[in-house]
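Encoded as structure tokens, the structure appears first; notes follow it.
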Amino acid sequence: MPYYHPAVRGIGFLHHFNPTSQDGEVSIHYSFFDAEPKSPKLEKTAEHLLAVLHKHGKGTAAGYVKRVQHDIIIPQIRTQNTYARLKAKYGRDLCTNWAETTDPTKHVFEDLAIAAFLIELWQDIYKNQDFPGFVDIGCGNGLLTHILIEEGYSGWGFDARRRKSWENWSAKAQENIKEMVLIPQMLQTTPNETDEDQTGVKITEETKIHNGVFPQGTFIISNHADELTPWTPILATLSRSAFMMIPCCSHALSGARFRPPPSKEPGASKSQFASLVAWVSGIARDCGWTVETEMLRIPSTRNTAVIGRRRERGWEEVDVEGLVGEYGGANGWEENALKLVKGAARGH
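Quick note: the sequence shown uses the numbering used here, first residue 164, plus one each step.
Next comes the structure, spelled out in structure tokens:
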């Protein structure tokens, strides 16, 4: 059981079935630690587990068929083993020292699971080569960046607004999490000045601007990056880099709120989120990527990862400016992006 549930030595599910009457019952049993006090939360946890069992049992009896498939790209056992290791190593301290107002039990275990998936994905992609580094665009609280750096992966992250959490991360992570706004080079209306530390960073009196051009091969992470989500496969194409994006909120290439049109694929869901995933996947395909999707095992309904690691077309074959125009254009991006600096920090 996760550590934030009551501490018990073990938990058992017991099923009694009567073949004559064709009925049965399921019970839950705890094995307690002698020195651990009996918390009222034990009963609530058991009731919740029974409710989940009942729900799945009724669904199976009614002929329920899973609508989505997990573990298509990475076998479940690999991701689970890495997740268990990360949770044991970081989970308790991260939750105890959480600096944000958001629920640590959600964000910590979600980012640990995403980190576990990325680690295993990178094992496959870069098996016989050096890891090229990563960039976490719109990194929010910076937790995912912190975990990956602590695991020995070189990389950095940035967000338009500094978060309280950044001060809690390791010294190396703090050095590699930046407060800056991304304005793609193709959209910038003023000359770009770069400093000596980060390729593509323009420093102004108010903020730092990144032009979205990363060293070739840098793996781009876009985890609930909102306005940057539809730009992710475009930036990856321009930098000739693989990527993984986990869409959340819908924004156009201009940065404005946007409701994507429903997918035209037969049987596709018409929900707003499904439409967003289909829309950004379409951008990725038109950028020449072979698009892969994975339903991540994370505590979030926004758990679809869209991955680009293989190409269907050559880099030079993609007309990026034409593609941006076909998907509605990007007029207003610079203004909308700079508003993020003054706006309130979001939950992620």
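By construction, the Cβ of each residue, glycine as well, lies at the ideal position given by its N, Cα and C atoms.
Model, not experiment: these values are computed from the prediction.
Continuous alpha helix (DSSP H) assignments of at least 4 residues falling wholly in the segment 415-450
As far as the segment 415-450 is concerned, its whole alpha helix (DSSP H) runs of at least 4 residues are 435-449.
| message | Can you tell me whether D482 is helix, strand or coil according to DSSP? | response | coil
Discussion item. DSSP has M407 in a bridge; who is on the other side?
Written reply: I384, I470
* Asked: Can you list, in chain order, the residues of its chain whose CB lies under 6 Å from that of Q361, leaving out five sequence neighbours each side?
  -> In this prediction, Q361 has a pLDDT of 45, which is less than 50 and means its spatial position is unreliable; what the coordinates show is noted afterwards. Same-chain partners within the cutoff: there are none.
Check: Rounded to whole angstroms, how far is the Cβ of I300 from the Cβ of I383, which I believe are closer than 8 Å?
Finding: 6 Å
* Since V298 sits in a beta bridge, which residues does DSSP pair it with? -> According to DSSP, which records beta bridges pairwise, V298 is partnered with W319, I383.
Own chain partners of D449 with C-beta closer than 7 Å, once the 5 adjacent residues on each side are dropped
L486
Tell me which residue opens and which closes the alpha helix (DSSP H) that E498 is part of. 496-505
**Prompt:** Does the segment 285-299 touch the segment 258-269, meaning 3 or more C-beta pairs lie closer than 8 Å?
**Reply:** Three or more Cβ pairs closer than 8 Å define a contact, and the segment 258-269 falls short of that threshold against the segment 285-299.
Exercise for review: Find out if the Cβ-Cβ distance for the pair M343, H373 is shorter than 7 Å.
Suggested key: yes
* Counted within 10 angstroms of its Cβ, other Cβ atoms place D274 as buried (16 or more) or exposed -> Answer is buried; the Cβ neighbour count reaches 16.
Note to self: DSSP has M458 in a bridge; who is on the other side?
What the structure shows: T467
Exercise. So L521 and P423 are in contact, right, with Cβ under 8 Å, and what is the actual spacing, rounded?
Worked result: The question about residue 521 has no answer, for the chain in this structure spans 164 to 511.
Next on the checklist: Among the candidates R474, A468, D186, S385, whose CA atom is the shortest distance from the CA of W452?
Outcome noted: R474
Could you have a look at D287 and say whether DSSP puts it in helix, strand or coil? helix
**Item:** Cβ distance (whole Å) where H233 is taken to contact M407 below 8 Å
**Value:** Their Cβ separation, rounded to whole angstroms, is 16 Å, which puts H233 and M407 out of contact at 8 Å.
message = Which of the three DSSP states is assigned to T242 in this structure?
response = helix
Closest to K327 by C-alpha separation, out of K433, A388, N304, R403, would be which residue?
N304
query = In whole angstroms, what is the alpha-carbon distance linking G418 and L391?
reply = Cα to Cα, G418 sits roughly 8 Å from L391.
Would G375 be called buried (16 or more neighbouring beta carbons within 10 Å of its own) or exposed?
-> That one is buried.
Using the Cβ count rule (16 or more neighbours within 10 Å means buried), how would you classify D358? With a pLDDT of only 45 at D358, under 50, the local geometry of the prediction cannot be trusted, and no value is derived from it.
Once you ignore the five residues that flank L501 on each side, which residues in its own chain have a CB closer than 7 Å to its CB? V344
Subject >> I152 in three-state terms, based on DSSP >> reply: No answer is possible for residue 152: it lies beyond the span of the chain, which begins at 164 and ends at 511.
Self-check item: DSSP three-state assignment for Y227, whether helix, strand or coil
Solution: Three-state DSSP puts Y227 in coil, outside helix and strand.
Measure the C-alpha to C-alpha separation of T259 and V271 and round it to an integer number of angstroms. Each residue's alpha carbon lies about 10 Å from the other.
Review point. In angstroms, rounded to a whole number, what distance separates the CA positions of Q379 and S202?
Key: 54 Å
Quick check on I346: does DSSP put it in helix, strand or coil?
coil
Practice task
Could you tell me whether the Cβ atoms of E188 and T242 are closer together than 7 Å?
Solution key: no
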